[in-house]
Amino acid sequence: MGAATRAGNRPGLDAPVRIGPLTARNPVFFAPTSVGYADQGVLGDAAVAHYVRRATGGVGAVMTEQIAVAESGWQHARQPGAWHDRHDEGLRRLATGIKEAGALAIAQLSHCGRYAGPWARYAERRRLAPSAVPFLLPVGEVCPDEITPDEIGEVIEDFAAATRRVVAAGFDGIEIHGGSGFLLTGFLSPRTNRRTDAWADGTRFVLDVVRACRTAAGTDTAVGYHIMTDELLPGGYSLEQALALVPRLERAGVDFFRPAAGTFESLKAPQNAGLSAGPDYQRADTHALAEVANVPVLAGGGISTLDQVREVLDAGAATAVAMARPLLADPDWLLKARDGAPPVGCACAPSLCLQTQLTGSVCAAWPEETRGLGHSGQLPPYRPRQETT
Ligand SMILES: Cc1cc2nc3c(=O)[nH]c(=O)nc-3n(C[C@H](O)[C@H](O)[C@H](O)COP(=O)(O)O)c2cc1C
Ligand code: SF4
């Protein structure tokens with residue numbers, strides 16, 4: 001599509017936008033934000049209330065936090081799962097609630113590979129990675145297990161089965177998690193993929209996963225890809241490699257991209273300190289991606305004001321903006337922004353939401369009584385001015 005073409009057809013803040021086979025009511029999306037409200041992978045009242053509350057705030061799409069496609073790729077007990085019948089009821093309630101509130105429901109699907117938890121029991125189970133390359137966790141240095149060709153086939157089928165499960169539950173779309181140093185990125189990185197067999201070229205695994213999800217999704221469901229644009233480490237996966245993969249991902253069936261540079265590991269490297277701070281901090285990679293992509297690109301990262309959203313959309317590279325923290329802090333951010341009313345600000349360091357995401361995120365900006373509930377699904381709604389006058 002390219003930035004120039006998209007600029008001629010840019011969406012207004014209230015204009016519907018096309019994402020693959022879907023139409024969102026506007027281009028402001030809630031980005032995947034792990035809050036850990038599930039219980040042993042099962043979504044319940046807190047998670048449903050949390051996500052539906054973002055949808056009633058008027059966003060065009062609500063993207064879920066990463067949902068594990070298999071127990072082997074499950075990061076922690078409070079992360080939702082989509083590999084067993086016991087997950088279906090919560091997934092169905094979630095998709096239904098989001099859609100009834102007028103937003104598209106998009107499920108992010110992940111296999112966290114070497115980050116599978118719980119960390120304290122790391123040594124007891126196989127932790128799957130392309131190669132047995134040691135890395136650092138909060139518990140110290142650990143070494144994952146080299147995934148076998150049979151296990152690779154199982155994971156590809158896990159992605160397909162999870163796609164079928166969330167589509168059957170009512171989700172409009174999926175986003176495949178290809179970032180953070182999880183299994184897909186692990187295969188792409190020359191630092192973590194040291195294989196010499198048929199999977200030495202990690203693009204084969206990534207493209208097989210995408211094709212499997214595309215087939216499982218059918219034609220009415222959007223399939224997105226959260227793409228690591230740069231590993232940000234010496235000898236790591238580069239922006240050039242990521243851009244070269246884009247047309248192949250599109251041919252495999254990707255309907256939209258959402259970029260993010262770095263992994264959990266690389267963002268902790270001293271030379272990358274502060275890279276995820278500042279306004280619109282993924283702007284350069286987003287524009288580079290949009291130059292080569294023929295499908296919509298979602299911008300995100302340090303975009304928190306209405307002026308910034310307008311500026312990003314006006315620049316023409318992104319079809320929509322996916323915001324995480326501003327909408328976690330204030331689910332009515334969009335309604336207030338349209339009214340010119342100040343949203344609840346999002347600024348705390350270190351971020352309380354990130355510190356609490358494995359046990360159930362709370363936000364420093366929520367009122368005390370809301371924090372006490374452990375989620376903000378019950379925050380009273382903001383009444384837009386046009387409704388009150
Ligand atoms: C608490 C928290 C949890 C997150 N969980 C996920 C996740 O599950 N999947 C994902 O792709 N990104 C996740 N992210 C990253 C966000 O989607 C987003 O890219 C990042 O926060 C930058 O956007 P923002 O400045 O609007 O917050 C998370 C971010 C935060 C703050
Ligand atoms: S105010 Fe703090 S805890 Fe709340 S969303 Fe922003 S960074 Fe996270």
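1 is the number of the first residue of the sequence shown in the UniProt record's numbering; add one for each residue after it. Each residue gets a CB set at the ideal place from its N, CA and C atoms; glycine is no exception.
Query raised in the report: Per DSSP, what kind of secondary structure is T23 in: helix, strand or coil?
Result: Taking the sequence shown and counting its residues from 1, one reaches residue 23 at position 23. Correct three-state label for T23: strand.
Query - Contact set for R6: own chain, Cβ-Cβ below 6 Å, skip 5 residues either direction - result: In the sequence shown, residue 6 corresponds to position 6, counting from 1. Any reading at R6 needs caution, since the residue's pLDDT is 43, under 50, leaving its predicted position unreliable; the model's value is listed next. So the list reads G316, once near-sequence residues are dropped.
Requested in this report: Can you tell me which of the three DSSP states D314 falls into?
Outcome: As a position in the sequence shown, residue 314 is number 314, starting the count at 1. In this structure, D314 counts as helix in the three-state DSSP scheme.
Requested in this report: Inspect the beta-carbon positions of R191 and G153 and report whether they are closer than 8 Å.
Outcome: Against the sequence shown, residue 191 aligns to sequence position 191. Against the sequence shown, residue 153 aligns to sequence position 153. Not in contact: R191 and G153 (Cβ atoms no closer than 8 Å).
Report task. Keeping to the same chain, check which residues put their C-beta closer than 8 Å to that of V167; ignore five residues upstream and five downstream. Result -> Looking up residue 167 in the sequence shown gives position 167. Excluding residues within five positions, the ones whose Cβ falls inside 8 Å are I174, A216, A217, G218, T221.
Query raised in the report: Does the beta-carbon of F139 have 16 or more other beta-carbons within 10 angstroms, so that it is buried, or is it exposed?
Result: Taking the sequence shown and counting its residues from 1, one reaches residue 139 at position 139. One point to set straight first is that residue 139 is Val, not Phe, in the sequence displayed. Its Cβ having fewer than 16 others within 10 Å, V139 is exposed.
**Report entry** Distance between V59 and A103 (C-alpha atoms, nearest Å)
**Finding:** The sequence position of residue 103 within the sequence shown is 103, counting from 1. The sequence position of residue 59 within the sequence shown is 59, counting from 1. Rounded to whole angstroms, A103 to V59 spans 6 Å at the Cα level.
Query raised in the report: Closest by CA to L358, which one among E231, G117, V312, V48?
Result: Here the question's residue 358 lines up with position 358 in the sequence shown. Among E231, G117, V312, V48, the Cα nearest to that of L358 belongs to G117.
Requested in this report: Return the Cβ separation of I303 and F257 in integer angstroms, given the expectation that the two are a contact with Cβ distance under 8 Å.
Outcome: Within the sequence shown, the letter at position 303 stands for residue 303. Within the sequence shown, the letter at position 257 stands for residue 257. The Cβ separation is near 16 Å, so there is no contact.
Query raised in the report: Mapping DSSP to helix, strand and coil, what is Q66?
Result: Counting from one through the sequence shown, the residue named residue 66 turns up at place 66. The answer is strand: DSSP assigns Q66 an E or B state.
**Report entry** Boundaries of the beta strand (DSSP E) in which E141 is found, first to last residue
**Finding:** Position 141 of the sequence shown, counting from 1, holds the residue named residue 141. First-last of the beta strand (DSSP E) with E141: 140-142.
Report task. Keeping to the same chain, check which residues put their C-beta closer than 7 Å to that of V344; ignore five residues upstream and five downstream. Result -> Taking the first residue of the sequence shown as position 1, residue 344 is located at position 344. Result list for V344: A329, D330, A365, in chain order.
Requested in this report: Determine the closest residue to R53 out of R211, D39, G377, with distance taken between C-alpha atoms.
Outcome: As a position in the sequence shown, residue 53 is number 53, starting the count at 1. Among R211, D39, G377, the Cα nearest to that of R53 belongs to G377.
Report task. Counting only the same chain and skipping the five closest in sequence on each side, list residues whose C-beta sits under 6 Å from that of G181. Result -> By 1-based counting over the sequence shown, the position of residue 181 is 181. The residues are T263, F264, E265.
**Report entry** Residue range of the alpha helix (DSSP H) that includes D54
**Finding:** In the sequence shown, counting from the first residue as 1, residue 54 sits at position 54. According to the sequence as given, residue 54 is Arg; it is not Asp. Unbroken alpha helix (DSSP H) run through R54: 45-56.
Requested in this report: Take every Cβ of the region 194-205, pair it with every Cβ of the region 157-167, and state whether three or more of those distances are shorter than 8 Å.
Outcome: no
Query raised in the report: When you compare each of A337, E146, S351, A49 to G97 by their alpha carbons, which one comes out closest?
Result: Taking the sequence shown and counting its residues from 1, one reaches residue 97 at position 97. Here the closest residue by C-alpha is A49.
Requested in this report: Can you give me the start and stop residues for the beta strand (DSSP E) that H177 sits inside?
Outcome: Here the question's residue 177 lines up with position 177 in the sequence shown. Its beta strand (DSSP E) spans residues 173-178.
Query raised in the report: Could you give the uninterrupted runs of the beta strand (DSSP E) lying entirely in the region 162-250, keeping only those of 3 residues or more?
Result: 173-178, 222-228
Report task. May I ask you to list the residues that DSSP assigns as paired with G81? Result -> For this step, residue 81 is matched to residue 81 along the sequence shown. DSSP output for G81 lists A68 as bridge partner(s).
Query raised in the report: For the candidate residues A38, G20, A77, R195, whose alpha-carbon lies nearest to that of residue 443?
Result: Lying before the first or after the last residue shown, residue 443 is absent from the chain, which here runs from 1 to 389.
Query raised in the report: On the three-state DSSP scale, how would you describe V344?
Result: Position 344 of the sequence shown holds residue 344. Reduced to three states, the DSSP call for V344 is coil.
Report task. Give the secondary structure of Q378 by DSSP, where H, G and I count as helix, E and B as strand, and everything else as coil. Result -> Walking along the sequence shown from the start, residue 378 turns up at place 378. It is coil, neither helix nor strand.
Requested in this report: Give every residue of the same chain whose Cβ lies closer than 8 Å to the Cβ of I156, excluding the five residues on either side of it in the sequence, and list them in chain order.
Outcome: By one-based count along the sequence shown, residue 156 stands at place 156. F205, D208, V209, A212.
Query raised in the report: Between T305, M323, E311, which lies nearest to A341 when the distance is taken from Cα to Cα?
Result: One-based indexing of the sequence shown puts residue 341 at position 341. When each option's Cα is compared against that of A341, the closest is T305.
Query raised in the report: Can the beta-carbon of R25 be found less than 8 Å from the beta-carbon of P32?
Result: Reading the sequence shown from its first residue, position 25 is the one you call residue 25. Reading the sequence shown from its first residue, position 32 is the one you call residue 32. Against a cut-off of 8 Å, the Cβ pair of P32 and R25 comes out as no contact.
Query raised in the report: Taking the alpha helix (DSSP H) that Q108 falls in, what are its first and last residues?
Result: Here residue 108 refers to the residue found at position 108 of the sequence shown. Run containing Q108: none in the alpha helix (DSSP H); it sits in the beta strand (DSSP E), 104-110.
Report task. Using beta-carbon positions only, say whether T229 and A244 come within less than 8 Å of one another. Result -> Translated into the one-based positions of the sequence shown, residue 229 becomes position 229. Translated into the one-based positions of the sequence shown, residue 244 becomes position 244. Result no, Cβ atoms of T229 and A244 do not sit closer than 8 Å.
Query raised in the report: Around the C-beta of R248, are 16 or more other C-beta atoms found within 10 angstroms, so that it is buried, or is it exposed?
Result: Indexing the sequence shown from 1 puts residue 248 at position 248. The residue in question, R248, is exposed, as its Cβ has fewer than 16 Cβ neighbours within 10 Å.
Query - Span of the beta strand (DSSP E), counted from its first residue to its last, around R258 - result: Taking the first residue of the sequence shown as 1, we reach residue 258 at position 258. Taken as a continuous stretch (DSSP letters only), the beta strand (DSSP E) holding R258 covers 256-260.
Query raised in the report: When burial is assigned at 16 or more other CB atoms within 10 Å of the CB, is D285 buried or exposed?
Result: Reading the sequence shown from its first residue, position 285 is the one you call residue 285. So D285 counts as buried.
Query raised in the report: Where R92 and A70 are concerned, what is the direct C-alpha to C-alpha distance, given to the nearest angstrom?
Result: Reading the sequence shown from its first residue, position 92 is the one you call residue 92. Reading the sequence shown from its first residue, position 70 is the one you call residue 70. Cα to Cα, R92 sits roughly 18 Å from A70.
Query raised in the report: Taking 7 Å as the cut-off, does the CB of residue 392 come closer than this to any heavy atom belonging to ligand 2?
Result: There is simply no residue 392 to check, as the chain begins at 1 and stops at 389 in what is shown.
Report task. Leaving aside the five residues before and after R214 along the sequence, list all residues of the same chain whose C-beta is less than 7 Å from its C-beta, in chain order. Result -> Translated into positions along the sequence shown, residue 214 becomes position 214. Once the five neighbours on either side are set aside, the close Cβ partners of R214 are V223, A252, G253.
Requested in this report: Rounded to whole angstroms, what's the CA-CA distance from D280 to L298? Just pull it up for me.
Outcome: Taking the sequence shown and counting its residues from 1, the one referred to as residue 280 is at position 280. Taking the sequence shown and counting its residues from 1, the one referred to as residue 298 is at position 298. Rounded to the nearest angstrom, the two C-alpha atoms are 12 Å apart.
Query raised in the report: What are the boundary residues of the alpha helix (DSSP H) that V35 is part of?
Result: Counting from one through the sequence shown, the residue named residue 35 turns up at place 35. Unbroken run through V35: none, as it is neither H nor E.
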